[in-house]
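A.B. asks:
Numbering (my numbering), first residue to last: 124 to 506.
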């Protein structure tokens, strides 16, 4: 069986999506052949050339040029998609350069960037979108009938959707967003979380003593939680706290000049796993993740997690043991962190049990098998 993975960046970028792809390739069954279509976009290089080349050594790769300004501003992104239409420009240039001339036989296309469904116009195969990058908007968001929602609904589903997503006939939803299938009907439906590599992310089982330490690792943007973390640190005032941050992004300079923050830059996977093992509490008040890999990495590493309420419904099986949800505001996080500093016993838990649970249920060897079982079923249904 031959499948295509389509993604928005060079895999050496090494963010969540790129790590998902590398692990799905690493743990693929022997009867699966993969063609990777990636772009030349490489904003940061977190993964070494040697590691990527080793994982991809038996994989066919096509690298295309990525157009557009890649703005993080919501309005600018929407404007870009309507006026510049970068995904369509990517496709046209790839065709012009002959990049898709010899694609060969394809049984299924799986998209880590849903806009690239246009690449497979005319193919009579399962074309599976997903929640990795710019997930489809769940129509339940627009059920409240006000002018803003009605206009956005018409814009998104009557115009935007028909430009970019009309070729999708399948969708991979993360568990929290599984009710999307009540509103959008697809021939092929997958509900599955992502995994983590427990051979890299695992705990240090030695008892830790001394003050509690805190860690945040993600893109350095307000939406990832820095709109809460930065004012939270100010609210803690003179309270002594050891707070570590890793990652890159638009707020990098702000983080570098924060007196209460120890900044670690952009660590490699090995460096990142060491950081997770070195600290006690992972703080993650993000408001744009549907299934953040960093939380799984923290749990696999034996950390206690303070997650924002936005993630409620994603990690509920860990709640009350190794994770708790906190209100999505600086005051709630400051209050809880202060309570933990005063009473460290709050975060006491069995790291071994935590790690074993993650390994048995979320290790990539487990998740990849379920993933490819879905894809094989979709191909079988298409015959």
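Ideal Cβ positions, reconstructed from N, Cα and C, are used throughout, including at glycine.
One question on the structure: do residue 240 and residue 290 come within less than 9 Å of each other, judged by their Cβ atoms?
C.D. replies: Contact flag set, yes.
A.B. asks: If I measure Cβ to Cβ from residue 560 and keep anything under 8 Å in the same chain, skipping five residues before and after, which residues do I get?
C.D. replies: The first residue shown for the chain is 124 and the last is 506, placing residue 560 beyond what the model contains.
A.B. asks: According to DSSP, is residue 216 helix, strand or coil?
C.D. replies: Correct three-state label for residue 216: helix.
A.B. asks: Should residue 485 and residue 419 be called a contact, given that it needs their Cβ atoms to be closer than 9 Å?
C.D. replies: In contact: residue 485 and residue 419 (Cβ atoms closer than 9 Å).
A.B. asks: Which residue's Cα is closest to the Cα of residue 342: 408, 185 and 287?
C.D. replies: Minimum Cα distance to residue 342 is reached at 408.
A.B. asks: In three-state DSSP terms, what is residue 478?
C.D. replies: Three-state result, residue 478: helix.
A.B. asks: Return the chain-ordered ranges of every beta strand (DSSP E) run that is complete within the stretch 378 to 435 and spans a minimum of 3 residues.
C.D. replies: Whole beta strand (DSSP E) segments, 3+ residues: 384 to 386, 404 to 407 and 427 to 431.
A.B. asks: On a CA-only basis, which of 140, 190 and 470 is nearest residue 215? Give me that one, please.
C.D. replies: Residue 215 has its Cα closest to that of 190, out of 140, 190 and 470.
A.B. asks: Please specify which runs of the alpha helix (DSSP H), each continuous and at least 4 residues long, are wholly inside the stretch 327 to 381, giving them in chain order.
C.D. replies: 350 to 358 and 375 to 379, all fully within the stretch 327 to 381.
A.B. asks: Using only the alpha-carbon positions, how far apart do residue 286 and residue 487 sit?
C.D. replies: Rounded to whole angstroms, residue 286 to residue 487 spans 34 Å at the Cα level.
A.B. asks: Which runs of the beta strand (DSSP E) spanning at least 3 residues fall entirely within the stretch 227 to 261, listed in chain order?
C.D. replies: If we require 3 residues or more, the beta strand (DSSP E) runs fully inside the stretch 227 to 261 come out as 231 to 234 and 250 to 253.
A.B. asks: At the level of alpha carbons, what is the spacing between residue 455 and residue 352?
C.D. replies: So the alpha carbons of these two residues sit roughly 11 Å apart.
A.B. asks: Could you check where the alpha helix (DSSP H) with residue 501 kicks off and where it finishes?
C.D. replies: Note, residue 501: alpha helix (DSSP H), 487 to 505.
A.B. asks: Out of curiosity, what's the CA-to-CA distance linking residue 218 and residue 504?
C.D. replies: If I take the Cα positions, the gap works out to 30 Å.
A.B. asks: Report back the beta-carbon spacing between residue 364 and residue 378 to the nearest angstrom; my notes put them in contact at under 8 Å.
C.D. replies: No, residue 364 and residue 378 are not in contact; Cβ-Cβ is about 15 Å, not under 8 Å.
A.B. asks: Identify, in the order they occur along the chain, each residue of the same chain with its Cβ nearer than 6 Å to the Cβ of residue 549, setting aside the five sequence neighbours on each side.
C.D. replies: In this structure the chain extends from 124 to 506, so residue 549 is not present and cannot be described.
A.B. asks: For residue 251 versus residue 490, is the C-beta distance shorter than 9 Å?
C.D. replies: No.
A.B. asks: Check the C-beta distance from residue 434 over to residue 448 and give it rounded, since I have them as a contact under 8 Å.
C.D. replies: Sure, about 7 Å apart at Cβ, within 8 Å.
A.B. asks: Identify whether residue 183 lies in helix, strand or coil by the three-state DSSP scheme.
C.D. replies: Residue 183 falls in the strand class under three-state DSSP.
A.B. asks: Mind pulling the beta strand (DSSP E) runs of 3 or more residues that sit fully within the stretch 281 to 322?
C.D. replies: With a minimum length of 3 residues, the continuous beta strand (DSSP E) runs that stay inside the stretch 281 to 322 are 293 to 296 and 311 to 314.
A.B. asks: Is the separation between the beta-carbon of residue 313 and that of residue 230 shorter than 9 Å?
C.D. replies: It is not a contact, given that the beta carbons lie outside the stated cut-off.
A.B. asks: Provide the residue span of the alpha helix (DSSP H) that contains residue 273, from first to last.
C.D. replies: Residue 273 -> alpha helix (DSSP H) spans 270 to 276.
A.B. asks: For residue 396, which residues of its own chain have a beta-carbon under 6 Å away from its beta-carbon, when the five flanking residues on both sides are left out?
C.D. replies: 323 and 324.
A.B. asks: Closest to residue 348 by CA distance: which of 401, 337 and 411 is it?
C.D. replies: It is 411 whose Cα lies nearest to the Cα of residue 348.
A.B. asks: Skipping 5 residues on each side, what residues in its chain have a beta carbon closer than 8 Å to that of residue 328?
C.D. replies: Excluding sequence neighbours, residue 328 sits near 425, 474 and 475.
A.B. asks: Rounded to whole angstroms, what is the Cα-Cα separation between residue 199 and residue 205?
C.D. replies: Each residue's Cα considered, the two are about 10 Å apart.
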